[in-house]
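Worksheet for the structure shown next.
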Amino acid sequence: MAKLKIQPDKRLGTIRKEIYGHFSEHLGRCIYGGFYVGEDSAIPNVHGMRTDVVEAMRKIRIPVLRWPGGCFADEYHWMDGIGPKANRKKMINTNWGGVTEDNSFGTHEYFELCEQLGCEAYVNGNLGSGTVREMSEWVEYITLDGVSPMSNLRRENGHEKPWKLSYFGVGNENWGCGGNMLPEYYASEYRRYQTFVRNYNNAEHVNKICCGPNNDDYEWTKTVLGLLFRNCDPRSHGNLDGLSLHYYVVPGPWENKGSATDFDEKVWYKTLAKAYFMDELIRKHSAIMDEFDPERKIALIVDEWGGWYDVEPGTNPGFLYQQNTMRDALLAGITLNVFNKHSDRVGMANLAQTINVLQSVILTEGADMILTPTYHVFDLYKEHQEGQLLESSIDVGSVGMEAEYQLPWVTESVSEDADGVLHITLTNASLTEACPIDVEIAGRKAAEANGEIVCGAMNAKNTFAEPQCVTAKAFTDFRSENGALSFTLPPRSVLHMSVKAEA
Ligand code: AHR
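Residues in the sequence shown are numbered from -4 upward in steps of one, following my numbering.
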C-alpha cells in the first residue's frame, strides 16, 4: 500500500492559473478553422470565433493564450493584420506549409478572442525580422490610452479603448527559427528591443518575456542572464519578468518521431519518461536563475510544451496535425503535476497548440469538434488554478521497460482552494499495475471526498466517429471511513480527488 502524505500546514505558495495556459500559432488549422472561421461562416460563431470551441475552452478555464507564434512570430508584421480585411496584405507562411496567410485574423481578432475566452493576452513580438520601431509601435497600438499616432490608428480601426496586454514575448526561439542567434547576440538585441516595450498606462504592467533555452541548453540560460544583469540598474532586475523554456517530448529521432496512435509498450514508457524529464529541466534552469534571482521574481515560462509525433497519414506535413491518446493524457497529467510542484518558479506554461496542431485539446473537422484525452486532463486539473500548493509526497518506486527510460510509477500534487477544499491529482503510468493508496492528511480527517478519472487502453483515442472513448468519469471506488481515505489507482489513469478535510 503506497502512502500519500499531505501537510496542510506547509503551504508552498500559489499555483498561478497561467500554468494552465495555451499556445496558438498561425500554423495549419489552429487559428483558421480551429478558433476562427470568419463572420460569414455557416459554423456558429460570434464575430468569427467558433462558439463550440470558445465554450469548451471556457469550461477548462483557459487563463492565457499565447499568439501569434512560434516561429511565425518572427516573420509576422503586425500592421499587415489590421484595418479593412480586403486591404490586408497576403503573405507566405514560410515556416508552416508555405500556404497563403491572408491576415484576416490579426490584432483586433486576437483580443476579441481573448475577451470571449475570458483569458489574459500573451503576444509574442518579432525580434528576428522586425524592427525595434515595429515592436514598440505594436505595444503602443495595443496599450496606449492617450493621443498618439498608433492609438489614433487603433481608434480609426474601430477600437476606442486600449486592450490589456499582460505578457509580451521579445522574440521566439531566437537560437533557431527566430534568427539563429548566439546567446551573446540575442542578449544584446533583447536589451535594445525591450527598452522600447513601454508601460504606457501606469496601472498596466506589461510582463516582458525573454527568449530562454531550448531543452537542456543550460549555457543559453547562463549566458543570456549574465549579460542581461551586467551593468544594469539593480532596480530593473535584468529588465525581464520571465524567461521562456521550450521542451517537446519526441519519442523517436526528429526525422522519425513515431506515430501518435500506433506505438507499443516500450514507446509508452519512453514517452512518459521523457515527459518527466521536465522536472530535471526546471530544477537545473531554475538553479541557474537562482544565481541572478535568488528571490525568484523572474518566472520560468514554459511557453511551448507537449508531445510531438509524426503527422496523421495523408495530412500536410507542415500542418503538424496529430491525434491524441491516453498516452497524451498521462503526458499532460505528469507534466502539470511537475509544474504545480515547481510553482515557486514556473509562472506560466502554454501547451502546444490548442486546436488541430501537436498535442491539442480540441480537434475540428468542418463544423464538428471533438475533445481529446488531454482536454479532459485539463478539465480535471483546473481546480488547482490559484490554489495554495501543499507539501505532499508519495512513496512509490519507478516504472519503465528500459533502464534509461524510467519514471515515477505515480506522480502527485496537492493544492488547497479558497474554500479550504483539497485537490489531489495523481497519475499512474503503469500499463498493468493498479496502485493501492492510503491518504494521510497531517492533523486533519477526510470528511467528504469526490473523484473524477480519465483512464483507458494504451492507444485509446477519441475520433469523430467515436468522440467519447476517453472522457472524464466519476470515480467512486474509494473508501472514506473515520477520517481515513484510501483507494486503488487504476493503471493508465489520471485522477482528481477533491477532499473536504476537518481538524
Ligand atoms: O509549436 C511548433 C513550433 O515549435 C513553434 O513554432 C516553434 O516555436 C517551435 O519550434
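Idealized CB from N, CA, C, for every residue including glycine.
A contact between stretches requires three or more CB pairs, one per stretch, nearer than 8 Å, and the stretch 226 to 237 fails this requirement with the stretch 274 to 285. Check the Cα spacing between K265 and each of H280, G247 and A467: the tightest is with G247. In chain order, L417, A441 and A444 place their CB closer than 6 Å to the CB of V494, counting only its own chain and leaving out the 5 sequence neighbours on each side. With a threshold of 16 other beta carbon atoms within 10 Å, V409 meets it and is buried. Q383 sits close to T9, with the two beta carbons spaced by under 9 Å. Within the chosen limit of 8 Å, the ligand AHR reaches the beta carbon of Q348 through at least one heavy atom. W133 is a Cβ neighbour of W73, given a cutoff of 9 Å. Assignment of beta-bridge partners to C430 by DSSP yields L484.
For F473, the enclosing beta strand (DSSP E) begins and ends at F473 to E476.
In this structure, the C-beta of H17 stays at least 8 Å away from each heavy atom of the ligand AHR. At a Cβ-Cβ threshold of 9 Å, W300 and T330 count as neighbours. Residue pairing by DSSP places I365 opposite L358 in a beta bridge.
By a beta-carbon distance limit of 8 Å, R187 does not contact L223. Their separation comes to about 12 Å.
At least one heavy atom of the ligand AHR lies closer than 8 Å to the C-beta of Y243. CA-to-CA, the gap between S355 and H42 works out to about 23 Å.
Under the Cβ criterion (8 Å, minimum of three pairs), the stretch 303 to 319 does not count as touching the stretch 429 to 439. By the Cβ neighbour-count rule, K84 is exposed, with fewer than 16 other Cβ atoms within 10 Å of its own.
The Cβ-Cβ distance between A268 and Y136 does not fall below 9 Å. Setting aside the 5 residues that flank it on each side, K292 is surrounded in the same chain by H232, each with a C-beta closer than 7 Å to its C-beta; the list follows chain order. If you draw a 10 Å sphere on the C-beta of D414, you find fewer than 16 other C-beta atoms in it, and that means exposed.
Taking 8 Å as the cut-off, one finds no heavy atom of the ligand AHR near enough to the beta carbon of G221. The stretch 155 to 169 makes contact with the stretch 100 to 117: 3 or more CB pairs, one atom from each, lie closer than 8 Å. Every unbroken stretch of the beta strand (DSSP E) spanning 3 or more residues and falling wholly within the stretch 210 to 249 is given here in chain order: 237 to 244.
Residue side-chain check: G328 keeps its Cβ at 8 Å or more from all non-hydrogen atoms of the ligand AHR. Distances from the alpha-carbon of V244 to those of P312, G207, R322 and I77 put R322 closest.
The beta carbon of G92 sits closer than 6 Å to the beta carbons of N311, G313 and F314 from its chain, once the five residues preceding and following it are set aside; these are given in chain order. Counting C-beta atoms within 10 angstroms of its own C-beta, I87 has fewer than 16 neighbours from the protein chains shown and is therefore classed as exposed. For the options C464, F459, A455 and A429, the alpha carbon positioned closest to that of F482 is the one of A429. Per DSSP, H418 is not a residue of any alpha helix (DSSP H); the beta strand (DSSP E) it occupies stretches across V416 to N423.
Following the DSSP letters along the chain, one finds Q189 in no beta strand (DSSP E) but inside the alpha helix (DSSP H) bounded by residues P178 to T190. One alpha carbon belongs to P39, the other to L112, and they sit about 16 Å apart. At least one heavy atom of the ligand AHR lies less than 8 Å from the C-beta of L353. For N202, DSSP records a beta bridge to Y162.
When rounded, the separation of the alpha-carbon atoms in V142 and R150 is 10 Å. For N169, no beta strand (DSSP E) run applies, since DSSP gives it neither H nor E. For G76 and A116, the gap between their C-alpha atoms comes out near 17 Å.
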